[in-house]
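Going by the working numbering, the sequence shown wraps up at 1561, each residue one higher than the last. Glycine included, each C-beta is placed from N, C-alpha and C at the ideal position. A short worksheet on the structure shown next.
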Amino acid sequence: MSNFEDYISANKSAFESGLFDVLRIPSISADESRLSDMSRCARWFVDGFSRIGLKSELIETRRHPLVYAETAEVPDKPIILIYGHYDVQPPDPLNLWVSPPFEPNIRNGNVYARGATDDKGQFLTHFYAIESILKTSGSLPFQVKFIVEGEEEVGSESLDEFLHSELGKRKLACDCILVSDTGMFAAGQPTITYGLRGIVAFELLVTGPNRDLHSGTFGGSVFNPAIALTKILDAMIDKNGRVQIPHFYDDVLPLTENERNQFASLPFDESGFFDAIGLNDGFGEINFSTNERRWVRPTFDINGITSGYQGDGSKTIIPSKASAKFTFRLVPNQNPDDVISNVRKFIDSTAPKGVTWELVVQHGAAGMRLDLDKSRFVKPMSNALEKTFNRKPVFIREGGSIPIVANFHLVLNADVLLVGWGQDDDALHSPNEKFSLTSFHNGILASARFLNELSK
Ligand code: BES
Ligand code: ZN
């Protein structure tokens, strides 16, 4: 494995053009009209893996296909499983994109496209790392497996089902799961993430009269479902964002002094953090810092809310229906099923008479916290990161969720390494998502160096 570094520097533009090819595929998992784009994207990976010499296959599921690939088995050596997702979030609102979301565009050393950082660009760093090693050494002294799914952004149900099947357990068996679907604490600051929040996602549909009504004729004598909905949602948190669902905090572990001090010691530019998103102040539970609020505290958020007339001018109606999509972010030790049942009870006791409601559970996943002290894979990764970024990594937790990771850890009984190349201003899930090309190329180098360290 000597000249993989030369291969990497000689192939920068080929790697970028591969990335742009995948970014052109609108693999939006939530959008049922994109099924053929989803399989086209999965195919791109199956073909890509076999082109670089791996045994690869497309695994059909009840929803979006999985892609699995592996290098040759090497008995008695550790197995590394690299996970990523080829699905992306919906790109809307489209009018806010400077360049169209599925036409990758380079500006200021970044590539702009939906999925650039989350997760196509990040995942491909490992793909090209393996290509570089295989093309220069012919083989690896241990086995690498890849699993790429198409449902991460909608809850990872199919992969979870596969993971729990006999076939899945056999195929995915490994010693270390490597994931790049998180961020760096600051640009150029290599980062190992040791905790993620979980999530439960709901849709609440409130129904009032059997048709939109004249708000003059009926107003004041029937319950407006949009008002009913906002009252229910408003009751979920207090003015500091503390969730009001009974028993919600019962299982939340208190933050240790140790961890509190460790977070406080990170070089966090708080005003820059809010400046970059156009705010002059933050929000959240009292007695918790911004990083504590976003990494280790559970939360409630409304993701979308719909009712009544939204067109030009005004229309004097009482809408017949109102609905909202909302999520709770969970922390380790909170049980998603308990939260679901407590939320249902809470809505039952809060919803006013005069409307009916239906609660749909979209997906749920537990939060996680890794005990990295026990992992023998941290040291080689830290070495690879330090060599690539000229800085030692920092260790943080993140507020986002990667639903399958907690179950990977449990079912496969393997170490998890979350090492991401994203930045806070990458605008994931927002218009104008981007990925720094420097991060892309450094990620490839760091990944290849990690594998090289392991082979020593
Ligand atoms: N890459 C993110 C998770 C993430 C974001 C980790 C920021 C760390 C920092 C991932 O693709 C994602 O967005 N997951 C969804 C999962 C959900 C839809 C089940 C999320 O967190 O909203
Ligand atoms: Zn995402």
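Closest by C-alpha distance to TYR1191, when choosing among ASP1380, PRO1170, LYS1479: Of the listed residues, the one whose Cα sits closest to TYR1191 is PRO1170.
Is the separation between the beta-carbon of GLY1153 and that of PHE1232 shorter than 8 Å? It is a contact, given that the beta carbons lie within the stated cut-off.
Can at least three beta-carbon pairs, one atom from the segment 1218 to 1232 and one from the segment 1427 to 1444, be found at a separation below 8 Å? no
Same chain, Cβ closer than 7 Å to LYS1492, neighbours up to 5 away in sequence not counted: ARG1554
Pull up the DSSP beta-bridge partners for LEU1318, would you. ILE1423
Span of the beta strand (DSSP E) around GLU1308: DSSP places GLU1308 in the uninterrupted beta strand (DSSP E) bounded by 1303 to 1312.
Taking the continuous beta strand (DSSP E) assigned at VAL1521, which residues delimit it? Residue range 1520 to 1524 is occupied by the beta strand (DSSP E) that includes VAL1521.
Does the ligand BES have a heavy atom nearer than 7 Å to the CB of PRO1508? yes
For GLU1503, is the beta carbon positioned less than 7 Å from some heavy atom of the ligand BES? Yes, the Cβ of GLU1503 comes within 7 Å of a heavy atom of the ligand BES.
What is the rounded straight-line gap between the Cα of VAL1305 and the Cα of PRO1485? 35 Å
When LEU1515, GLY1416, ARG1129, ILE1337 are compared against CYS1146, the one with the closest alpha-carbon: Ranking the options by Cα distance to CYS1146, first place goes to ARG1129.
Quick check: the Cα distance between LEU1201 and GLU1236, rounded to an integer number of angstroms? 36 Å
How long is the line joining the alpha carbons of SER1320 and PRO1314, rounded to whole angstroms? 12 Å
Is ASP1223 near the ligand ZN, with its Cβ less than 7 Å from a heavy atom? A distance criterion of 7 Å places the beta-carbon of ASP1223 in contact range of the ligand ZN, judged by its closest non-hydrogen atom.
So, is the C-beta of GLU1364 closer than 8 Å to a C-beta in chain D? Protein chain content of the structure displayed is limited to a single chain, and chain D is not contained in it.
Excluding sequence positions up to five away, which residues of its chain have a Cβ less than 6 Å from the Cβ of LEU1559? PRO1485
Spell out a yes or no on whether the segment 1212 to 1222 and the segment 1524 to 1543 are touching, meaning 3 or more CB-CB pairs, one atom from each, closer than 8 Å. yes
Who are VAL1216's beta bridge partners in DSSP? ILE1211, PHE1540
Please report the straight-line C-alpha distance between LYS1426 and ARG1148, rounded to a whole angstrom. 41 Å
Assumed close pair VAL1448, ILE1342 - CB separation to whole angstroms, cut-off 8 Å: With a Cβ gap of about 12 Å, VAL1448 and ILE1342 do not count as contacting.
Taking buried to mean at least 16 other C-beta atoms within 10 Å of its own C-beta, is TYR1354 buried or exposed? exposed
What's the gap between the Cα of MET1106 and the Cα of ARG1474? Note that MET1106 scores 49 on pLDDT, short of 50, meaning its location in the model is unreliable and no value can be drawn from it.
Pick from ARG1156, ASP1126, ILE1164 that is closest to SER1144, judged by C-alpha positions: ILE1164
Quick one, which of LEU1517, ILE1509, VAL1253, SER1552 has its alpha-carbon nearest ASP1265's? Measuring from the Cα of ASP1265, the nearest candidate turns out to be ILE1509.
Residue from VAL1249, ALA1511, GLY1505, ILE1297 whose Cα sits closest to the Cα of ARG1402: GLY1505
Beta-carbon proximity list for PHE1393, same chain, < 7 Å, skipping 5 on both sides: ARG1402
Can you find a heavy atom of the ligand ZN that lies under 7 Å from the Cβ of GLN1194? yes
Measure the C-alpha to C-alpha separation of VAL1253 and LEU1301 and round it to an integer number of angstroms. 19 Å
I need the DSSP call for GLY1288, collapsed to helix, strand or coil. strand
At a threshold of 7 Å, does ASP1442 count as lining the ligand BES (C-beta to nearest heavy atom)? Of the heavy atoms belonging to the ligand BES, none sits nearer than 7 Å to the Cβ of ASP1442.
With respect to the alpha helix (DSSP H) encompassing ILE1391, which residues constitute its N-terminal and C-terminal limits? It is not in any alpha helix (DSSP H) - ILE1391 carries neither H nor E in the DSSP assignment.
According to DSSP, simplified to helix, strand and coil, what is MET1341? coil
Give every residue of the same chain whose Cβ lies closer than 7 Å to the Cβ of TYR1112, excluding the five residues on either side of it in the sequence, and list them in chain order. SER1237, LYS1240, THR1241
Quick one: using the 10 Å Cβ neighbour count with 16 as the cut-off for buried, is LEU1550 buried or exposed? buried
Where does the unbroken alpha helix (DSSP H) through LEU1490 begin, and where does it stop? 1483 to 1494
What does DSSP give as the partner residues of GLN1248 in its beta bridges? ILE1184
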